Amino acid sequence: MLGVAVATAMIAVGVDVGDKINRELRSYGANIVVYPEDAALDVRIGDQQIKPVSGGAHLKESDLPKIKGIFWGHNILAFTPILETQTEVNRHDVRVVGMYFAKQLHFGTESFVAGAEKLYSWWKIDGSWPRDDSDEVLLGSRMAGQLGKRIGDEIQLADSSARITGIVSTGGAEDNEIVAPLSIAQKIAGEPNAVDKLYVSALTKPEDAFARRDPARMNAADHDRWYCSPYANSIAFQLQEAFPGSRAEQIRQAAQNEGAVLSHISGMMLLIALAALIAAALAVSAAMATTILERRREVGLMKSLGATATAIASLFVTEASLLAIVAGLIGFGLGSVIAQRIGRTIFHSGVEITPVLLPIVIFLALLVTIGGSAAAIRRALRLDPVVVLRGDA
Amino acid sequence: MSLRGSMFFHLLRRGLLGRGNRPLIAFIALTVAATMITAMLNLYYGLENKLNRDFRSYGANVTIAAPQGTALPEGAVENAQQILPSGSLVVPFAFAIAHANDGSAVVVAGTDFSKLQKLDKWWLVWKWPTEKNEAIVGMKAEPHISSSDGSFDLNFSGRILHLIEATTLKTGSEEENRIYIPQSTFEAWTGVHPSLLEISVPGSREQINAAIGQLQSAFPAMQVRPVRQLLEAQGAVITRMRSVMLASTLLITLTVALCVFSTLTSSVLERRRDFAIMKAIGSSQTTVNGLFAGEAFVLALLAGLLGYLLGSGLAAWISEANFHTAVAPRIAVLPVVIGCSIAVALFAALLPLAQLQRIEPAGILKGE
Chain V
-13 MLGVAVATAM
-3 IAVGVDVGDK
7 INRELRSYGA
17 NIVVYPEDAA
27 LDVRIGDQQI
37 KPVSGGAHLK
47 ESDLPKIKGI
57 FWGHNILAFT
67 PILETQTEVN
77 RHDVRVVGMY
87 FAKQLHFGTE
97 SFVAGAEKLY
107 SWWKIDGSWP
117 RDDSDEVLLG
127 SRMAGQLGKR
137 IGDEIQLADS
147 SARITGIVST
157 GGAEDNEIVA
167 PLSIAQKIAG
177 EPNAVDKLYV
187 SALTKPEDAF
197 ARRDPARMNA
207 ADHDRWYCSP
217 YANSIAFQLQ
227 EAFPGSRAEQ
237 IRQAAQNEGA
247 VLSHISGMML
257 LIALAALIAA
267 ALAVSAAMAT
277 TILERRREVG
287 LMKSLGATAT
297 AIASLFVTEA
307 SLLAIVAGLI
317 GFGLGSVIAQ
327 RIGRTIFHSG
337 VEITPVLLPI
347 VIFLALLVTI
357 GGSAAAIRRA
367 LRLDPVVVLR
377 GDA
Chain A
6 MSLRGSMFFH
16 LLRRGLLGRG
26 NRPLIAFIAL
36 TVAATMITAM
46 LNLYYGLENK
56 LNRDFRSYGA
66 NVTIAAPQGT
76 ALPEGAVENA
86 QQILPSGSLV
96 VPFAFAIAHA
106 NDGSAVVVAG
116 TDFSKLQKLD
126 KWWLVWKWPT
136 EKNEAIVGMK
146 AEPHISSSDG
156 SFDLNFSGRI
166 LHLIEATTLK
176 TGSEEENRIY
186 IPQSTFEAWT
196 GVHPSLLEIS
206 VPGSREQINA
216 AIGQLQSAFP
226 AMQVRPVRQL
236 LEAQGAVITR
246 MRSVMLASTL
256 LITLTVALCV
266 FSTLTSSVLE
276 RRRDFAIMKA
286 IGSSQTTVNG
296 LFAGEAFVLA
306 LLAGLLGYLL
316 GSGLAAWISE
326 ANFHTAVAPR
336 IAVLPVVIGC
346 SIAVALFAAL
356 LPLAQLQRIE
366 PAGILKGE
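Chains as they are written, first to last, in this note's numbering: chain V, -13 to 379; chain A, 6 to 373.
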């Protein structure tokens, strides 16, 4: 029973751990970017924008909720629009990045929250996140040093003033920027409804050989299969369809390397589950063998009373099977509880137990129990009843 | 005493070898337990290294940037390489703005391709440039260079450089806007020195943070920054996996220990007649206990050793199948495994004996 419980727990955790780690990794930034098809070439070295991003094409902010309408809409874990612009603060040129923080959006009857709080949960913020559509901003850590501003200070952006709610340190370009709600950036840029880029974090399936094929050259059936698989590039393709005049690309650094980490982790957990299963099987067989050897006298008695070997064997096998089924059921329940506990304590979310696992587990329990007893039953049957009953064996 | 001593060992030998397959079953159970414990412990320690290595394939985890408009000090690459642990990669980048044929401005980067190739293995390119005038052209920059036969010109303040496109580059981020050329060609053309080092430091998050501290004190005027997104993700995943592994190790160890315990206990209980006879003919409690404990001890020691070997093999196989490199067996695991298996075996042997002590030998011999 314990063996079954552990096997269940290990399989359940093993199957689910990949998904859990996938979600974990997906909370560290985007893996798909959407930008206008005819975006101007970005001329930038490190943090310095050489040529201010100006004019060019934009995506429409009002289109954004459509992101949830794509085929894999539920796999979109987080996204935020980005609009970069430039202004002057105390005669310094300052870059302002507009984005959502935790904006409530509606698509059809569904409402959801989008923004940087989820997409960039790893940003180190001293203070608090600003609210969307307010006059609150975050100041990059190095920008704060340059301007000599602190949390709570007012800062003059274009022709309105904004309040600093936090200092952000990311190790990236944001350290030299002002991070503002999208509405402020749009006002400074004088481009209402405009969005430069859309960063999307989507739960994807690691890229495999099929995903690497060129979708344009697939036949209809393959194309459907590709379209309906949550690969990074098929989700990108669907995003492109959702926003007219856009291009969507997977961010290869994330997409490609995550696959390796994930397949390694889930592969290892499955192998460990398998090893645990075999170990449990061996341990259970040993226990079964002991019990049967203990009942040699019973076998001797039955034999001397005229029972055939088949009758005795079937008696033992039935007993073992009943035991296995009951133990399998209890073990499954116990294992599910253990898996839940592991999921909750480590990942703060439960582990999904698929009912498909139950018949598999019971079947395995049967196999192990009967297999484990078979050798012992044969031995017990071979013994001469006279010897056994006299107690000499 | 010597007679009793030799009798003790005779009985011990008979107990281990002369009872058909009963001790064999106990031995197998113990070996399986020891195997699983060894394998799990080896994997537990090995996993972190393997995952750290996986995370290195993302590319640089530290950058050193010169303040705006300046270059890195002379010999910065060699200097950084010396400070960092062996196996670190330091790739220099120099940047300049040039104009393409159609007049649009494009960022040109000079770098060391032989190193970059190792740092950013995930870059989607057809071939890495080897010649002096070969270039990697970013996907988005490509339309602007308007080359029909794969060769194009770039103009840097009046000086023309003729280049051959070796490959396009697809990354999905800002690299696609740039053109990458070999560092020596770049310096001869523009006279601009590297202003950015992308560095990949091996090891755990703590080791990387330590390296950042060392680099910052070696380059006080430069901006040494961790690629925080990557480091945080690495830290989080490894912490989680460590907990998962610990939980599975405990769970599996506990189960096999319990199974072994029940097998051993029943095998000792089965021999209550031996126990009763020995007591009836006058052996002391200590001698009997010593005999059973000795049996359990020898069994556990052998099973622990064999289990260690098998378990190391199992761990190596799992890691080979999964990460394509084996984990090296850890000798530190050996005492733990042998200690555990001896503890379980002794406990499983002596617990039933304590029960039997309270029963009269005569009762057992009568078959009660």
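For glycine and all other residues, C-beta sits at the position ideal for the given N, C-alpha and C.
In this text, all values refer to a predicted model and were calculated from it rather than measured experimentally.
C-beta neighbour in chain A for residue i, strict 9 Å
i: VAL(-1)(V); result: yes
i: GLY386(V); result: Residue 386(V) lies beyond the residue range present for chain V, which begins at -13 and ends at 379; the question has no answer from this structure.
i: ASP200(V); result: no
i: HIS250(V); result: yes
i: GLU177(V); result: no
i: GLY4(V); result: no
i: MET255(V); result: yes
i: ALA191(V); result: The identity of residue 191(V) in the sequence shown is Lys, whereas the question assumes Ala. So, not an interface residue.
i: TRP108(V); result: yes
i: GLY15(V); result: yes
i: VAL186(V); result: no
i: ALA(-5)(V); result: yes
i: PHE302(V); result: no
i: ALA339(V); result: It is Ile, not Ala, that sits at residue 339(V) in the sequence shown. No, no contact with chain A.
i: GLN(-8)(V); result: Before going further, note that residue -8(V) is Val rather than Gln in the sequence given. So, interface residue.
i: PHE93(V); result: no
i: ALA383(V); result: The requested residue 383(V) is not part of the displayed model; chain V covers only -13 to 379.
i: LEU124(V); result: no
Cβ of residue i within 9 Å of any chain V Cβ
i: PHE191(A); result: no
i: ARG245(A); result: yes
i: GLU211(A); result: no
i: LYS145(A); result: yes
i: PHE297(A); result: no
i: ALA110(A); result: yes
i: PRO231(A); result: yes
i: VAL82(A); result: no
i: HIS198(A); result: no
i: SER253(A); result: yes
i: LEU221(A); result: Here residue 221(A) turns out to be Gln, not Leu, going by the sequence shown. Cβ-Cβ to chain V under 9 Å: no for GLN221(A).
i: PHE302(A); result: no
Residue i classed as buried or exposed, judged by whether at least 16 other C-beta atoms fall within 10 angstroms
i: CYS214(V); result: exposed
i: GLU122(V); result: buried
i: GLN188(A); result: buried
i: PRO38(V); result: Because PRO38(V) sits at a pLDDT of 47, beneath the cut-off of 50, its placement in the model cannot be relied upon, and the point is left open.
i: ALA197(V); result: buried
i: HIS250(V); result: buried
i: ALA148(V); result: buried
i: SER324(A); result: buried
i: LYS173(V); result: buried
Counterpart residues of residue i in DSSP-defined beta bridges
i: LEU133(V); result: In DSSP, LEU133(V) forms no bridge with anything.
i: ALA70(A); result: LEU201(A) and GLN228(A)
i: TYR21(V); result: ARG233(V)
i: HIS78(V); result: VAL75(V)
i: TYR63(A); result: Per DSSP, none; premise fails for TYR63(A).
i: PRO167(V); result: MET85(V)
i: ASP112(V); result: ILE153(V)
i: GLY126(V); result: VAL154(V)
i: ALA348(A); result: Partner(s): none; ALA348(A) has no beta bridge.
i: ASN160(A); result: HIS104(A) and ILE165(A)
i: SER187(V); result: ALA64(V)
i: PHE93(V); result: GLU96(V)
i: LEU143(V); result: SER146(V)
i: GLY143(A); result: LEU174(A)
i: GLU70(V); result: VAL83(V)
i: ALA180(V); result: LYS46(V)
Where the alpha helix (DSSP H) through residue i begins and ends
i: ALA43(V); result: Counting along the chain, ALA43(V) falls outside any alpha helix (DSSP H), and DSSP gives it neither H nor E.
i: ILE102(A); result: Per DSSP, ILE102(A) belongs to no alpha helix (DSSP H); it is in the beta strand (DSSP E), 94 to 104.
i: PRO345(V); result: 343 to 368
Residue range of the unbroken beta strand (DSSP E) whose run includes residue i
i: SER97(V); result: 96 to 100
i: GLY115(A); result: 110 to 116
request  = Select from the segment 218 to 246 of chain V all residues with a C-beta closer than 7 Å to any C-beta belonging to chain A, and list them in chain order.
outcome  = GLU235, GLN236, ILE237, ARG238, GLN239, GLN242, ASN243 and ALA246
Contact residues within the segment 258 to 292 of chain V, judged by C-beta distance below 8 Å to chain A = ILE258, ALA261, ALA262, ALA265, ALA266, LEU268, ALA269, VAL270, ALA272, ALA273, ALA275, THR276, THR277, LEU279 and GLU280
Positions along the segment 138 to 170 of chain V whose CB lies within less than 7 Å of some CB in chain A = Flagged, chain order: THR156 and GLY157.
request  = Could you please tell me which residues of the segment 316 to 343 of chain V, in chain order, have their CB closer than 8 Å to any CB of chain A?
outcome  = Taking 8 Å as the Cβ-Cβ cut-off against chain A, the residues of the segment 316 to 343 of chain V that qualify are ILE324, ILE328, THR331, ILE332 and PHE333.
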